[in-house]
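Quick note: the sequence shown, position 196, residue 202 per the working numbering, numbers continuous.
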Amino acid sequence: MDEHTEQMPSASNDNQPKPSPDDLVGKSLGHYEILAEVGRGGMATVYRARQTSINRIVALKVLPPSLMHDPNFFERFQREVDVIAHLEHPHILPIYDYGQVEGIPFIVMRYLAGGSLSQMIRRGSIPLEWLEKPLTQVAQALDHAHRQGIIHRDLKPGNVMLDEQGNAYLSDFGIARVLGSEMTGSMLIGTPAYMSPEQANGQPIDGRADIYSLGIVLFELITGSEPYQAETPLALLFKQINEPLPSLSAYRKDVPEAMQDVIDRATAKNPNDRFASAREFAQAFRNALHGEVHPTGTQASHEDAATILPGSEAPLKIGQPTTQLPSETAAQATPHDDGKSFNVWKGIIIPGIFVAVGLVIVLVLLFLDDSLLGGSDDIESFATQAAVQPTPFAGAQIVETQNYSISIPAQWIPPQQFEDNSTSQRMMHIWRARDNSAMVDLALVESNGAITDADNFAAAIARYDEMHYADDDTLRLIGETVADDGSVVRSYRVEGRDNLPFGQMDVIYMERAPFLAVLEVYSADSTANTLVPTFQLILDSLQIKNNA
Numbered sequence: 007m008d009e010h011t012e013q014m015p016s017a018s019n020d021n022q023p024k025p026s027p028d029d030l031v032g033k034s035l036g037h038y039e040i041l042a043e044v045g046r047g048g049m050a051t052v053y054r055a056r057q058t059s060i061n062r063i064v065a066l067k068v069l070p071p072s073l074m075h076d077p078n079f080f081e082r083f084q085r086e087v088d089v090i091a092h093l094e095h096p097h098i099l100p101i102y103d104y105g106q107v108e109g110i111p112f113i114v115m116r117y118l119a120g121g122s123l124s125q126m127i128r129r130g131s132i133p134l135e136w137l138e139k140p141l142t143q144v145a146q147a148l149d150h151a152h153r154q155g156i157i158h159r160d161l162k163p164g165n166v167m168l169d170e171q172g173n174a175y176l177s178d179f180g181i182a183r184v185l186g187s188e189m190t191g192s193m194l195i196g197t198p199a200y201m202s203p204e205q206a207n208g209q210p211i212d213g214r215a216d217i218y219s220l221g222i223v224l225f226e227l228i229t230g231s232e233p234y235q236a237e238t239p240l241a242l243l244f245k246q247i248n249e250p251l252p253s254l255s256a257y258r259k260d261v262p263e264a265m266q267d268v269i270d271r272a273t274a275k276n277p278n279d280r281f282a283s284a285r286e287f288a289q290a291f292r293n294a295l296h297g298e299v300h301p302t303g304t305q306a307s308h309e310d311a312a313t314i315l316p317g318s319e320a321p322l323k324i325g326q327p328t329t330q331l332p333s334e335t336a337a338q339a340t341p342h343d344d345g346k347s348f349n350v351w352k353g354i355i356i357p358g359i360f361v362a363v364g365l366v367i368v369l370v371l372l373f374l375d376d377s378l379l380g381g382s383d384d385i386e387s388f389a390t391q392a393a394v395q396p397t398p399f400a401g402a403q404i405v406e407t408q409n410y411s412i413s414i415p416a417q418w419i420p421p422q423q424f425e426d427n428s429t430s431q432r433m434m435h436i437w438r439a440r441d442n443s444a445m446v447d448l449a450l451v452e453s454n455g456a457i458t459d460a461d462n463f464a465a466a467i468a469r470y471d472e473m474h475y476a477d478d479d480t481l482r483l484i485g486e487t488v489a490d491d492g493s494v495v496r497s498y499r500v501e502g503r504d505n506l507p508f509g510q511m512d513v514i515y516m517e518r519a520p521f522l523a524v525l526e527v528y529s530a531d532s533t534a535n536t537l538v539p540t541f542q543l544i545l546d547s548l549q550i551k552n553n554a
């Protein structure tokens, strides 16, 4: 690996315009001459470049210069990328160099001319026999990384590169973690279309999350389509958590029945029901493809598989969580024994338009008049959602009032200094991020009657919507989803509301008899979905007190 490049501008050049990742073609970044753009994503642009010092063609991934606004980012960037750079395996795309020039952070990798699995999917139907080789090679790479305690976290077709002989190489190991830890101040999130349920729920993950993602990738390679389609990232995450995958036969008739069983096991909602290793997954696929019956994890690797590093052939047992890379800001959660987290949305988390270095949380306890819901003369007190003593997740502080307790990340505007916007009809407490980029309201609407049937619940939602959203011309409804537990999620486009930046707001209506609970979540367009785990941890921490 080359000596890491770090070239900061001198004081005499402070007033000179710095190169932008959007106009680098034909220019140089350190000793890398930019030849052409080969790919662009939400958080990085990849170029084909020439390393002038040794006349080598490389892939240059350029990250957003805005990351350098945090003076501690580059130190974290160096520490975590250096670990990944030493993760050597024949089917892990090697990192040659990394650094920053003129305030632009970058990573240099081996250049492959065969494109990615994502590009191959777009070309049309792929013969099933062709999939055996890349799946086996990617599985070997994953197991090797998991043994080193490293989880990919963002496995998808675009992160599997191909050489001209069709060999597969797993790229961007941990890059999402580097970006995610910077953006969220908490734990990393991946791509909603490929994210495991436990990752979407903000729970601690191990290598089995990567196995789930690999199962989704294989489904797409076989069918040419992602298994879940949704209008918003929020709805997509909900499907990952709650809905089974569609049948392969609905897309393709030449798929052996046993292959459906392989996909179903790899993408089981409970991590304990998945394959114990990626190699076991790949072997089960080979058995299904060739009509062979073998105990999973015992057949020798197929002869087409590439060379494996010494000692990497043994199946990886990951019943216990894989050690994760250290992070100063990682938020922790303790999963329940069944692998599902307790949350008031039953897995419906946050829209995928979040990447903020801050967050606004608004907790609203509404006490509206009886006409909202209608019902009996007895007004019940708040029900206690959890009997356990509240414990904050890592990096959070507990805010406790007579009606609720909730954990708020300590790096936001001090949690105890919340805004109190209460009125005679409702109690409203507000936590704001310093950049005003996100907001969450939780409302409990009390009445003299319970909403124990669908008609009353629908009427309560309609009345609440009429009171708060119907006449608001800054909101445009863009989608609606109904969860398994009956909760209703409505997504809105937000433009010019309450001095908030343009963005998205999701309103979640939940029956918490005798209350209508309403959770309102907003995030600016300048963000992405990496705050989902932090939001989930906050929601899991919420306890409504019984003050009867």
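Each residue gets a CB set at the ideal place from its N, CA and C atoms; glycine is no exception.
Buried or exposed for Ile110, going by 16 or more other Cβ atoms inside 10 Å? buried
Tell me the residue span of the alpha helix (DSSP H) that contains Gln403. Where Gln403 is concerned, there is no enclosing alpha helix (DSSP H), although the beta strand (DSSP E) it sits in stretches over 402 to 406.
Write down the C-beta distance between Ser122 and Gly164 rounded to the nearest angstrom, noting that I regard them as a contact closer than 8 Å. Correct: roughly 5 Å between the Cβ atoms.
Pick from Pro507, Leu506, Leu545 that is closest to Leu525, judged by C-alpha positions: Leu545
In whole angstroms, what separates the C-alpha of Gln549 from that of Leu176? 42 Å
Leaving out five residues before and five after Glu39 in sequence, what residues of the same chain have Cβ atoms less than 7 Å from its Cβ? Ala55, Arg56, Thr58
Closer than 8 Å is the cut-off here; do at least three beta carbon pairs connect the segment 85 to 97 with the segment 147 to 154? yes
Residue span of the beta strand (DSSP E) that contains Tyr104, given as start and end: 101 to 107
Does the beta-carbon of Val52 have 16 or more other beta-carbons within 10 angstroms, so that it is buried, or is it exposed? buried
For Ile414, count the other beta carbons within 10 Å of its own beta carbon; 16 or more makes it buried, fewer makes it exposed. Which is it? buried
Spell out a yes or no on whether the segment 214 to 222 and the segment 259 to 276 are touching, meaning 3 or more CB-CB pairs, one atom from each, closer than 8 Å. yes
Excluding the 5 residues preceding and the 5 following Met265 in the sequence, name in chain order all residues of the same chain whose CB lies nearer than 6 Å to its CB. Cβ neighbours of Met265 beyond the five flanking positions: Ala294.
Length of the line joining the Cα atoms of Thr540 and Trp437: 14 Å
Based on the DSSP secondary-structure assignment, which residues constitute the bridge partners of Gly45? Val52
Test item: CB-CB of Leu543 and Val451 under 7 Å: The Cβ-Cβ distance between Leu543 and Val451 does not fall below 7 Å.
Does the segment 407 to 427 come into contact with the segment 491 to 500, if we say contact requires no fewer than three beta-carbon pairs (one atom in each stretch) closer than 8 Å? no
What is the residue span of the beta strand (DSSP E) that Ser413 lies within? 410 to 415
How should Ala119 be labelled, buried or exposed, when 16 other C-beta atoms within 10 angstroms of its C-beta is the threshold for buried? With fewer than 16 Cβ atoms within 10 Å of its Cβ, Ala119 is classed as exposed.
Residue of Pro100, Ala476, Asp267 minimising C-alpha distance to Phe179: Out of Pro100, Ala476, Asp267, Pro100 has the C-alpha closest to the C-alpha of Phe179.
Under a three-way DSSP split, which group does His158 fall into? coil
Go ahead and pull the three-state DSSP assignment for Gln171. Annotated three-state conformation of Gln171 is coil, per DSSP.
Which residue wins for smallest C-alpha separation from His37, given the options Asp103, Val446, Ser202? Looking only at Asp103, Val446, Ser202, the smallest Cα-Cα distance to His37 is reached by Asp103.
Could you tell me how far apart the beta carbons of Ala50 and Leu69 are, in whole angstroms, since I believe they sit closer than 8 Å? 5 Å
Report all residues from its chain with a CB closer than 7 Å to the CB of Gly509; omit the five preceding and five following residues, and keep chain order. Ile359, Val500, Tyr528, Ser529, Ala530, Asp531
Which of the three DSSP states, helix, strand or coil, is assigned to Phe291? helix
Could you tell me the distance, in whole angstroms, from the CA atom of Leu41 to the CA atom of Val31? Roughly 6 Å between the two C-alpha positions.
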